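First comes the structure, then the notes that go with it.
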């Protein structure tokens with residue numbers, strides 16, 4: 006019989022609540038403001054999506070293009086960070102770099118959905 010091995014990442018009694026896309030149900034998904042709100046609301050586990058920009062920066066964003074959620078346009082994989090950095094989610098919040106999330110919220114246990122477009 007194989008013993009059940011628990012990983013420290015899942016070291017939590019009972020079910021684990023994740024703030025999906027940073028808790029998108031009550032704010033702008035995958036934004037620094039929404040991640041902060043999730044942490045302030047008590048979430049310890051947060052899910053986000055990550056895409057690589059043309060110049061290799063990792064951004065927290067669900068879609069492969071900026072079109073649906075931002076005032077910008079184009080495929081993330083085809084754009085440099087400098088251009089994506091000017092786009093605003095719902096016209097107000099910047100698209101965050103994943104490294105900035107890790108720095109801002111070191112206590113969070115991240116569930117990262119790595120996106121890769123052909």
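Residue numbers (the working numbering): 6 to 123. Where is the CB? At the ideal position from N, CA and C, for every residue including glycine. Values in this document were obtained by computation on a predicted structure and should not be read as measured data.
Item                                                                                                                                                   : Value
Using the Cα positions of residue 77 and residue 93, report the straight-line distance between them to the nearest angstrom.                           : 7 Å
With a threshold of 8 Å, are at least 3 pairs of Cβ atoms found where one atom belongs to the stretch 92 to 109 and the other to the stretch 52 to 68? : yes
Rounded to a whole number of angstroms, what is the C-alpha to C-alpha distance between residue 71 and residue 8?                                      : 46 Å
Flag this pair as yes or no: are the beta carbons of residue 38 and residue 28 separated by less than 8 Å?                                             : no
Using a 10 Å radius around the Cβ and a threshold of 16 neighbouring Cβ atoms, would you call residue 107 buried or exposed?                           : exposed
Over the uninterrupted alpha helix (DSSP H) stretch that includes residue 33, give me the two end residues.                                            : Segment: none, residue 33 is in no alpha helix (DSSP H) and carries neither H nor E.
Do you know whose CA, among 122, 51 and 33, lies nearest residue 98's CA?                                                                              : 33
Give the DSSP-derived three-state secondary structure of residue 111 in the structure shown.                                                           : coil
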